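Protein chains in written order, with the working numbering: chain A, 1 to 594; chain B, 1001 to 1594. Everything below concerns the one structure shown next.
Number of protein chains: 2
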Amino acid sequence: MPNCDCESESTTPFLDSVALPEDLRRLPIESLPAVATEARAELVRLGAASGGHFAGSLGACELTIALHWVYETPSDRVVWDVGHQAYVHKMLTGRRRELERIKRADGPSGFLRRAESVYDVFGAGHAGTSVSAAVGVAQAIRARGGDDRVVAVLGDGAATAGMSFEALNHAGELGVDVGVVLNDNGMSIAPSVGGLSRTGRWRDYLESLGATFVGCVDGHDFDELAPALLRLRESAGLAVLHVRTRKGAGYGPAESDPYGWHATRPFDVASGLPHSSAPTARSWTSAFSDALIRLAEQDERVVAITAAMPDGTGLDRFAERFPGRTFDVGIAEQHAVTFAAGLAAEGLRPVCAIYSTFLQRGFDQIVHDVAMQNLPVTFALDRAGLVGGDGPTHHGLLDLSYLRIIPGLAVAAPRDEKELFDLLRLAVESGQPFALRYPRGALAGELPAEGAAGFAEAQVLRDGSSVTLLAIGKTVATALEVADRLAERGVSAGVVDARFIKPLDTVLIAREAKRTGCLVTLEDHTRCGGFGGAVLEQMAGQLPRIEICCIGVGDSFVPHGDVADQWRAEGMDASSVTEQVEQLLGKKRAEVAA
Amino acid sequence: MPNCDCESESTTPFLDSVALPEDLRRLPIESLPAVATEARAELVRLGAASGGHFAGSLGACELTIALHWVYETPSDRVVWDVGHQAYVHKMLTGRRRELERIKRADGPSGFLRRAESVYDVFGAGHAGTSVSAAVGVAQAIRARGGDDRVVAVLGDGAATAGMSFEALNHAGELGVDVGVVLNDNGMSIAPSVGGLSRTGRWRDYLESLGATFVGCVDGHDFDELAPALLRLRESAGLAVLHVRTRKGAGYGPAESDPYGWHATRPFDVASGLPHSSAPTARSWTSAFSDALIRLAEQDERVVAITAAMPDGTGLDRFAERFPGRTFDVGIAEQHAVTFAAGLAAEGLRPVCAIYSTFLQRGFDQIVHDVAMQNLPVTFALDRAGLVGGDGPTHHGLLDLSYLRIIPGLAVAAPRDEKELFDLLRLAVESGQPFALRYPRGALAGELPAEGAAGFAEAQVLRDGSSVTLLAIGKTVATALEVADRLAERGVSAGVVDARFIKPLDTVLIAREAKRTGCLVTLEDHTRCGGFGGAVLEQMAGQLPRIEICCIGVGDSFVPHGDVADQWRAEGMDASSVTEQVEQLLGKKRAEVAA
Chain A
1 MPNCDCESES TTPFLDSVAL PEDLRRLPIE SLPAVATEAR AELVRLGAAS GGHFAGSLGA
61 CELTIALHWV YETPSDRVVW DVGHQAYVHK MLTGRRRELE RIKRADGPSG FLRRAESVYD
121 VFGAGHAGTS VSAAVGVAQA IRARGGDDRV VAVLGDGAAT AGMSFEALNH AGELGVDVGV
181 VLNDNGMSIA PSVGGLSRTG RWRDYLESLG ATFVGCVDGH DFDELAPALL RLRESAGLAV
241 LHVRTRKGAG YGPAESDPYG WHATRPFDVA SGLPHSSAPT ARSWTSAFSD ALIRLAEQDE
301 RVVAITAAMP DGTGLDRFAE RFPGRTFDVG IAEQHAVTFA AGLAAEGLRP VCAIYSTFLQ
361 RGFDQIVHDV AMQNLPVTFA LDRAGLVGGD GPTHHGLLDL SYLRIIPGLA VAAPRDEKEL
421 FDLLRLAVES GQPFALRYPR GALAGELPAE GAAGFAEAQV LRDGSSVTLL AIGKTVATAL
481 EVADRLAERG VSAGVVDARF IKPLDTVLIA REAKRTGCLV TLEDHTRCGG FGGAVLEQMA
541 GQLPRIEICC IGVGDSFVPH GDVADQWRAE GMDASSVTEQ VEQLLGKKRA EVAA
Chain B
1001 MPNCDCESES TTPFLDSVAL PEDLRRLPIE SLPAVATEAR AELVRLGAAS GGHFAGSLGA
1061 CELTIALHWV YETPSDRVVW DVGHQAYVHK MLTGRRRELE RIKRADGPSG FLRRAESVYD
1121 VFGAGHAGTS VSAAVGVAQA IRARGGDDRV VAVLGDGAAT AGMSFEALNH AGELGVDVGV
1181 VLNDNGMSIA PSVGGLSRTG RWRDYLESLG ATFVGCVDGH DFDELAPALL RLRESAGLAV
1241 LHVRTRKGAG YGPAESDPYG WHATRPFDVA SGLPHSSAPT ARSWTSAFSD ALIRLAEQDE
1301 RVVAITAAMP DGTGLDRFAE RFPGRTFDVG IAEQHAVTFA AGLAAEGLRP VCAIYSTFLQ
1361 RGFDQIVHDV AMQNLPVTFA LDRAGLVGGD GPTHHGLLDL SYLRIIPGLA VAAPRDEKEL
1421 FDLLRLAVES GQPFALRYPR GALAGELPAE GAAGFAEAQV LRDGSSVTLL AIGKTVATAL
1481 EVADRLAERG VSAGVVDARF IKPLDTVLIA REAKRTGCLV TLEDHTRCGG FGGAVLEQMA
1541 GQLPRIEICC IGVGDSFVPH GDVADQWRAE GMDASSVTEQ VEQLLGKKRA EVAA
């Protein structure tokens, strides 16, 4: 038993002895299984208490310990991918106590962050970046004549990302010393897909790219892992160690259902059942899933595409209903988009369901392969706007801006479930490129509206005489609440749901602008180039006659935390908006008086 | 000799007999070499007369003929990549006469365009899309029970693009029948890079992804090509035929320098020398190249990255001077960006030189791997703005919009060579993410300015009292000309070079706005979300007091043609701008009077 200043009651004496990786390296290899057992128990305890992404870290537990035991971190650089599997890494690098507050504003990020620790060599959150970054790090070390070693951890899921291939292929020629641990658990979030995963011919794949294949070992056996990592550390050029792990390893319920346990709510350790049996509120994702199934029942041209996120996007249920019409292409957003374009070129109506932040990977393909050819692909962007605990790598704050600049692409956002269905139907039936965004989390109830609106039409939800609140998507509910609050203070505020940011309903907006002389735009999105920007551009010629104020997320990366707190911090909650509207009206009165 | 209604003088009797691919299929295989000889002579004649991308098509001449001879086009689908190699395809599919006007407004596109021909199954222009599109096309055909065959042509250069890997990997699992011709000439534009190209283990690579390897044949020998393509056409699932070709084949000068002959000016057929010996005007690319070399001589942290475009970006000369500090990563923009981020994380100052339109492929990586981590990577975007003959796939019209929405990224554009150097130095020395854009073509001469400006500072180039012309980059020269024209008509127009679109010099702009009450923004970029949009957003609070007009490219894909014509069509030339300014001033006078 290692030296330890804790009282005898501790159930994690080995883990307690490891404040930093250098402590780990003082332990003999025989002690590492005990560290792993304790780290795993700690992970389960933490996951049970606060939920989070644990199955990946359970599977990578021994690997993480072995990496820090073999590599001289932090002078040697371990470059992780994504971060879902890096909780034990955080535990071993001085952040054990903080893990209880993971993803909370006062706790560590759920992913990798350079600002958080010197051991987080490179930030991550989107899959497939580790080899690219590691090759850069290794080349820079070589350039200055350093001898620190660099190793990237690459999941077999992340290896389906094109940029992983690009990085391996480059490294295979560059000749710089960089190790890669292929952490192969047969899963991304869902089971891994792709020909490579099916053939299992990793060695051929890697050697064809110029890599030295160091071997294939059991990732839960230190007696295999440690010597193999030592060989990897000594290898010249691009060298890859294939490590087989089991996602969820060591915790029965997670091991038998690693897909379901990728992320978890707080649960009872003994049974593996969630603490709360209360049903969670119906989510935007569920609403999308149901809407798409309904449409596909009516229109056999409808097919669905996911980039390795069948559950997150709600396509898992679609796949059960229409297995032959669902395509999981892997973590391959570029291909997802152009594959969809190919389907559309032959008369199908593909719906490409990709989180807002991940669709950034397919930006060029949307421009070049979909919009430029005017092909009827619908993009369904879940997790648009502020997402809360997953933080800056996962917010969907740029989509309105990067999509509305693409000629010929319609861009819309629903305010409630009914609109989600109507807009999705419009999208599929429109026969043109179309993007639809909706947020993470629970649906608002159906919002009151008279009649229905069509393609590129905004909708007046409430008449008002002093100011028009122009909202879109999730902010429509906020606008209605703000109008109520203003009414209580004697201010008559109209509410318009723009529905489309492109084409923008300039006729209706201009009419409202003329009527109230005062527009306030509200968006769950950066204020740069987004909805407010679109309104400004369309109204530019008429601006000398109206006051306008754009409310949205400021131009900086928003840290992880609670979504409601994030809205407040950005001045987007009903109370802040009400205040801003009153200030604007005050300014207008002062100008009229002057 | 085939039936032919031409007079006996024709030097291309076989080619004359092929109006469409069905005519080709009526010829016996023994006649195909004659078709190839004539098509090649025609290509050389066309290239000599009008210039263009010919070396790729020379190398793919027999392959193209064999494809249309074996596959029942257009019911079978041949999906090309990029288009540089598809001139013979155009020749055989009814566009032979039009090729003399290729890239001109009244002629065909230099790339693939669905709107141009039913034989152009899928539009192209950026490398690496063919397999993705073909897999989609094949799946859609399968879904409706069709039996048309699908084949994608993939260059070994395009195979370095991550999306090619993503598509092959997906197809390797999907099981849909899709053929791929790997057209391996050892080149993209420059010689191919990457481990795969170096090991040459294409078979291992492809089989590891689940493909059936149909064989490797000489791409200039119909007796090998035709039976191999017949086998490919009959193959089930993903099947790949490896075809070796020589870029520039059959024309001596191009064959001995395929890199130099990738694209050519008009030339003398016998000597291979360009018709005009007049030196071309100094280009923005040359200015960038010299500036970067100068900076790298002063600062050893500077390294340069290209994604398979060393000549187009001007990094070829940098590479000669600093071979160990230049990295060609292949057609791999995603990796290029994150590799740069890795270099920057270790203290280097990488300059990632990628055309504006191609950097769209690295959008997510700029956000996630560079900006979010505040790493000092400089992006040098050549071919920003309207590019002329290469048309919509190659215009760089979106960059200001998609870059300025990224928190923490500085975005600037120089007006002349001196500013290019100053801004590039500022970028590298800033220690933060920085993007610099500049156009295709010849530099303007040095524009008159007093003093120098720093980071995030705009610069007044000319004072004026009635209107302020706010320009950036290439449009600064236009603005100065417009100011001259307005002066002749008695209108005093100021000219401000914004230099930075982010951070925008709001102090100077607000001061100008207050002084003249009238702003006109000018940008060689879409009007959606770009420079004008940024100015509108920053001025929103002060808008009721100023007139503003945003001039730039409209919200549609601009066809190929002459750059000056494109500027006129978009109302961006000095004459159109002058007129628009006068209209704005007239409107303002009318409002003041009212």
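Using N, Cα and C, we set each Cβ at its ideal position, and we do this for glycine too. Keep in mind that this is a model prediction, so the values were computed, not measured.
Alpha-carbon spacing of residue i relative to residue j, whole angstroms
{"i": "ALA427 of chain A", "j": "ILE1405 of chain B", "result": "26 Å"}
{"i": "PRO310 of chain A", "j": "PHE363 of chain A", "result": "21 Å"}
{"i": "ALA1236 of chain B", "j": "ARG1149 of chain B", "result": "10 Å"}
{"i": "GLU333 of chain A", "j": "PHE434 of chain A", "result": "17 Å"}
{"i": "VAL1592 of chain B", "j": "GLY1451 of chain B", "result": "36 Å"}
{"i": "ALA345 of chain A", "j": "PRO376 of chain A", "result": "8 Å"}
{"i": "LEU1348 of chain B", "j": "GLU234 of chain A", "result": "25 Å"}
{"i": "SER1595 of chain B", "j": "GLY1248 of chain B", "result": "Residue 1595 of chain B falls outside the range modelled here, since chain B spans only 1001 to 1594, and no answer is possible."}
{"i": "GLU1072 of chain B", "j": "PRO1227 of chain B", "result": "15 Å"}
{"i": "GLN298 of chain A", "j": "THR326 of chain A", "result": "16 Å"}
{"i": "ASP1223 of chain B", "j": "ARG201 of chain A", "result": "33 Å"}
{"i": "MET1001 of chain B", "j": "PHE1014 of chain B", "result": "Only weak support is given to the placement of MET1001 of chain B: the predicted model assigns it a pLDDT of 43, under 50, and the value that follows is read from those uncertain coordinates. In a straight line, the C-alpha of MET1001 of chain B is about 7 Å away from that of PHE1014 of chain B."}
Contact with chain B by residue i, beta-carbon distance below 8 Å
{"i": "TYR71 of chain A", "result": "no"}
{"i": "ARG45 of chain A", "result": "no"}
{"i": "CYS352 of chain A", "result": "no"}
{"i": "THR199 of chain A", "result": "yes"}
{"i": "PRO364 of chain A", "result": "Before going further, note that residue 364 of chain A is Asp rather than Pro in the sequence given. It does; some Cβ of chain B falls within 8 Å."}
{"i": "PHE557 of chain A", "result": "yes"}
{"i": "ILE29 of chain A", "result": "no"}
Contact with chain A by residue i, beta-carbon distance below 8 Å
{"i": "GLU1165 of chain B", "result": "In the sequence as displayed, the identity of residue 1165 of chain B is Phe instead of Glu. For PHE1165 of chain B, the answer is yes, since a Cβ of chain A falls inside 8 Å of its Cβ."}
{"i": "ILE1405 of chain B", "result": "yes"}
{"i": "TYR1205 of chain B", "result": "yes"}
{"i": "SER1208 of chain B", "result": "yes"}
Interface partners of residue i on chain A, CB under 7 Å
{"i": "VAL1507 of chain B", "result": "In chain order: nothing, as chain A lies at least about 17 Å away."}
{"i": "GLY1385 of chain B", "result": "Correct list: empty, because the minimum Cβ distance to chain A is about 14 Å."}
Partners in chain A for residue i, counting only beta-carbon separations shorter than 8 Å
{"i": "PRO1392 of chain B", "result": "MET372"}
{"i": "ASN1185 of chain B", "result": "Within chain A, no residue comes near ASN1185 of chain B; the closest Cβ sits about 18 Å away, beyond 8 Å."}
Start-to-end residues for the alpha helix (DSSP H) that takes in residue i
{"i": "HIS644 of chain A", "result": "This structure gives no information on residue 644 of chain A, because the portion of chain A shown stretches from 1 to 594."}
{"i": "ALA371 of chain A", "result": "It is not in any alpha helix (DSSP H) - ALA371 of chain A carries neither H nor E in the DSSP assignment."}
{"i": "GLU234 of chain A", "result": "222-234"}
{"i": "GLU1547 of chain B", "result": "No alpha helix (DSSP H) contains GLU1547 of chain B, which is instead part of the beta strand (DSSP E) from 1547-1553."}
{"i": "ALA432 of chain A", "result": "The question names Ala, but residue 432 of chain A in the sequence shown is Gln. Premise fails: GLN432 of chain A is in no alpha helix (DSSP H) and is neither H nor E."}
{"i": "ASN183 of chain A", "result": "That residue, ASN183 of chain A, is in no alpha helix (DSSP H); its beta strand (DSSP E) goes 178-184."}
{"i": "ARG361 of chain A", "result": "Premise fails: ARG361 of chain A is in no alpha helix (DSSP H) and is neither H nor E."}
For residue i, the first and last residue of its enclosing beta strand (DSSP E)
{"i": "VAL496 of chain A", "result": "493-497"}
{"i": "GLU1523 of chain B", "result": "1518-1526"}
{"i": "LEU1409 of chain B", "result": "Run containing LEU1409 of chain B: none; DSSP gives neither H nor E here."}
{"i": "PRO1033 of chain B", "result": "Run containing PRO1033 of chain B: none in the beta strand (DSSP E); it sits in the alpha helix (DSSP H), 1032-1050."}
{"i": "ILE1305 of chain B", "result": "1302-1306"}
Contacts of residue i in chain A (Cβ-Cβ under 9 Å)
{"i": "ALA1133 of chain B", "result": "THR338, PHE339, ALA341, GLY342, ALA345, ASP369"}
Partners in chain B for residue i, counting only beta-carbon separations shorter than 7 Å
{"i": "GLU173 of chain A", "result": "VAL1193, GLY1194, GLY1195, ARG1198"}
> Can you find at least 3 beta carbon pairs, one from the segment 520-527 of chain A and one from the segment 395-415 of chain A, that sit closer than 8 Å?
Replying inline: Judged by Cβ distances under 8 Å, the segment 520-527 of chain A makes contact with the segment 395-415 of chain A, as three or more pairs qualify.
> Is the segment 1237-1247 of chain B touching the segment 1178-1187 of chain B, taking contact as three or more C-beta pairs under 8 Å?
Replying inline: These segments touch.
>> Using 8 Å as the cut-off, can you tell me whether the segment 49-68 of chain A makes contact with the segment 98-115 of chain A, which would need three or more C-beta pairs spanning the two stretches below that distance?
In response: With the cut-off at 8 Å, the segment 49-68 of chain A and the segment 98-115 of chain A touch.
> Would the segment 566-586 of chain A and the segment 467-487 of chain A be scored as touching if the rule is three or more Cβ pairs under 8 Å?
Replying inline: Yes: at least three Cβ pairs fall under 8 Å.
> Does the segment 1192-1200 of chain B touch the segment 1145-1160 of chain B, meaning 3 or more C-beta pairs lie closer than 8 Å?
Replying inline: Yes: at least three Cβ pairs fall under 8 Å.
> Does the segment 352-359 of chain A come within contact of the segment 379-397 of chain A, defined as at least 3 CB pairs closer than 8 Å?
Replying inline: With a cut-off of 8 Å on Cβ pairs, the segment 352-359 of chain A is in contact with the segment 379-397 of chain A, counting three or more such pairs.
> Is there contact between the segment 1315-1323 of chain B and the segment 1459-1477 of chain B, where contact requires at least three CB pairs shorter than 8 Å?
Replying inline: Output reads no: the segment 1459-1477 of chain B does not touch the segment 1315-1323 of chain B.
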